[in-house]
Structures are given as structure tokens and as C-alpha cells.
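In the numbering used here, the protein residues as written are 872 to 1115.
And the structure:
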């Protein structure tokens, strides 16, 4: 992958804006030819989105799609009485939007400061209709999100509070650095406030706080400034998350 990035930097056929894009190689754009990338890049718009800014409103008609370049996006649904349920998290290089749908079934909000690369819905869908590789990548992402949703259903339905909180931390860690070994130390900022973590896990804020404190006292993690987490023992955290 690193070698491919180096080759991209010197590949004059690939648009300049795409050559050094880290998200492109793992995202849907990685399936496009240089010609297709050049066409899409004419319409792309890179921007930074502040935390807690809504990217997609539930029920809205989407006119754009986006690739996440950095940061975390939370997906939520609303109950008729106004209660919110976080139903998923997205990380770089995930794709925001549902191709060929007329309206969004979930809301998407920047959980942290986010960098995205957006492009018009009509342009991308036209390219996708001619690119089986891109359609295949989007199909695979949808299936991966379905698998993750099923896994999370098991977490919510069967795991203890300790296992849920450990699973949440593992979810963040695995997306921050998918290739990190169990011996590697890892440092990241929690992308959700504790009230949102509680909502995501189906727990109370007090329970989330107690479990984080327990992990800290056991030497599995360290917490500074309330949201900055250092995982000191990834294997121990994984063992707790798996209920072993």
C-alpha cells in the first residue's frame, strides 16, 4: 500500500488532489481509473467540518455524497417522541450516503472535527453506473456495515457492561490503527461524549464512568483530560471485550 502511494505521487494521470489522498486507497475512489478520477475530481470539494455539525439530516434528499478523510461521523435515528439512538460510527475512508436512495434514513453528524471530500450525487451515480469495480466496493462496504451492525446487536444484547465498554474502546482502536499489534501502545481521543457512549451502548452515564475507572485502575487504559485515552494493554482489553 505504501509503495502504491509513492507511485501515485509521481503518476501524472491521477489528479493532483487525489495523488496523496490517504483515504482513496481504502475507499470507493480506489476502484476508479485515472480517467474516472479526473472526471470526479472536477466536482470534488474538500472541507473541514466542526464537531457536532450535522452532515446529513434524516429524511432529507441528498444532493451530495462524501468520503471521510479524517475524523469520526456518528449515524443516528430518531424515535417519534424525539429520542435519539446512535446506530453506528463511520471512520476514514468510509463513504457517507446511500447511492440511488431518494432520502436519507439516518442522520449523520460529525462526532469529532471531520475532514471530508464531497461530490455531487448525480456525477458519482453516473460514474458508478459505468464502473462495476466502484459498485462492487460500495456493495462490500454496505455488507461490512451490515456485519458490524449484527456484531453490535450481539454486544448490546448479550455482553455485560464491562464487555460493552471494552468493545467500544476496541472499536475505536481497531479503526484508529487496524494493523497495531497487541504490544503497541495506542493513544486517541474518545469521539463521543460519555452521554453518547452511554446511548450507543445502552448503559447509563454512571455505568460507563464506573467501567472506564475500573479499566484505569486495572492498568488497561489511562485517561487524561476526561476524553484522551491511552490503551496500555490491548490484549487485556480484547480479552475483556470478548468475555474471556
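Just so it is clear, CB atoms sit at the ideal spot from N, CA and C, and this is done for glycine as well.
Bear in mind the structure is a predicted one, so any value in this text is a computation, not a measurement.
What does the alpha-carbon distance come out to for the pair residue i and residue j?
{"i": "residue 884", "j": "residue 1072", "result": "46 Å"}
{"i": "residue 995", "j": "residue 935", "result": "9 Å"}
{"i": "residue 1061", "j": "residue 1045", "result": "13 Å"}
{"i": "residue 1095", "j": "residue 1085", "result": "15 Å"}
{"i": "residue 881", "j": "residue 1008", "result": "Note that residue 881 scores a pLDDT of 46, beneath 50, so its modelled location is shaky; the value from the coordinates is reported in the next line. If I take the Cα positions, the gap works out to 25 Å."}
{"i": "residue 1108", "j": "residue 1069", "result": "19 Å"}
{"i": "residue 941", "j": "residue 1040", "result": "18 Å"}
{"i": "residue 971", "j": "residue 887", "result": "29 Å"}
{"i": "residue 1000", "j": "residue 909", "result": "17 Å"}
{"i": "residue 933", "j": "residue 1087", "result": "43 Å"}
{"i": "residue 1057", "j": "residue 1020", "result": "25 Å"}
{"i": "residue 1033", "j": "residue 905", "result": "48 Å"}
{"i": "residue 959", "j": "residue 907", "result": "30 Å"}
{"i": "residue 874", "j": "residue 896", "result": "Any reading at residue 874 is ruled out, since the residue's pLDDT is 46, under 50, leaving its predicted position unreliable."}
{"i": "residue 1080", "j": "residue 922", "result": "22 Å"}
{"i": "residue 1012", "j": "residue 1022", "result": "15 Å"}
{"i": "residue 1092", "j": "residue 1028", "result": "25 Å"}
{"i": "residue 953", "j": "residue 889", "result": "40 Å"}
{"i": "residue 1063", "j": "residue 982", "result": "6 Å"}
{"i": "residue 1102", "j": "residue 1038", "result": "13 Å"}
{"i": "residue 949", "j": "residue 968", "result": "18 Å"}
{"i": "residue 1097", "j": "residue 991", "result": "39 Å"}
Name, in chain order, the residues that DSSP records as bridge partners for residue i.
{"i": "residue 916", "result": "989"}
{"i": "residue 1099", "result": "1060 and 1095"}
{"i": "residue 955", "result": "949"}
{"i": "residue 941", "result": "986"}
{"i": "residue 927", "result": "979"}
{"i": "residue 1039", "result": "Bridge partners of residue 1039: none, in fact."}
{"i": "residue 967", "result": "937"}
{"i": "residue 1082", "result": "Answer is none; residue 1082 lacks a bridge partner."}
{"i": "residue 1106", "result": "DSSP output for residue 1106 lists no bridge partner at all."}
{"i": "residue 1071", "result": "DSSP output for residue 1071 lists no bridge partner at all."}
If residue i and residue j are in contact, beta carbons under 8 Å, what's the gap, nearest whole angstrom?
{"i": "residue 1090", "j": "residue 1113", "result": "About 19 Å separates the two Cβ atoms, so there is no contact after all."}
{"i": "residue 989", "j": "residue 937", "result": "4 Å"}
{"i": "residue 1036", "j": "residue 1106", "result": "About 17 Å; that fails the 8 Å criterion."}
{"i": "residue 978", "j": "residue 929", "result": "4 Å"}
With distances taken from CA atoms, which of the options is nearest residue i?
{"i": "residue 1065", "options": "1057, 1056 and 1077", "result": "1077"}
{"i": "residue 899", "options": "1075, 1006, 1026 and 976", "result": "1006"}
{"i": "residue 1043", "options": "922, 999 and 1099", "result": "1099"}
{"i": "residue 943", "options": "1033, 913 and 926", "result": "926"}
{"i": "residue 964", "options": "973, 1047 and 1057", "result": "1047"}
{"i": "residue 911", "options": "993, 1110 and 966", "result": "993"}
{"i": "residue 1111", "options": "967, 991, 947 and 1026", "result": "1026"}
{"i": "residue 984", "options": "924, 1074, 1075 and 952", "result": "924"}
{"i": "residue 947", "options": "980, 1016, 966 and 931", "result": "980"}
{"i": "residue 1067", "options": "987, 945 and 916", "result": "945"}
{"i": "residue 956", "options": "1097, 931 and 976", "result": "976"}
{"i": "residue 1016", "options": "973, 987 and 966", "result": "966"}
{"i": "residue 973", "options": "931, 986 and 1097", "result": "931"}
Taking its Cβ as the centre, do 16 or more other Cβ atoms sit within 10 Å of residue i, making it buried, or is it exposed?
{"i": "residue 913", "result": "exposed"}
{"i": "residue 1115", "result": "exposed"}
{"i": "residue 997", "result": "exposed"}
{"i": "residue 902", "result": "buried"}
{"i": "residue 1031", "result": "exposed"}
{"i": "residue 961", "result": "buried"}
{"i": "residue 918", "result": "exposed"}
{"i": "residue 1018", "result": "exposed"}
{"i": "residue 1014", "result": "exposed"}
{"i": "residue 1075", "result": "exposed"}
{"i": "residue 915", "result": "buried"}
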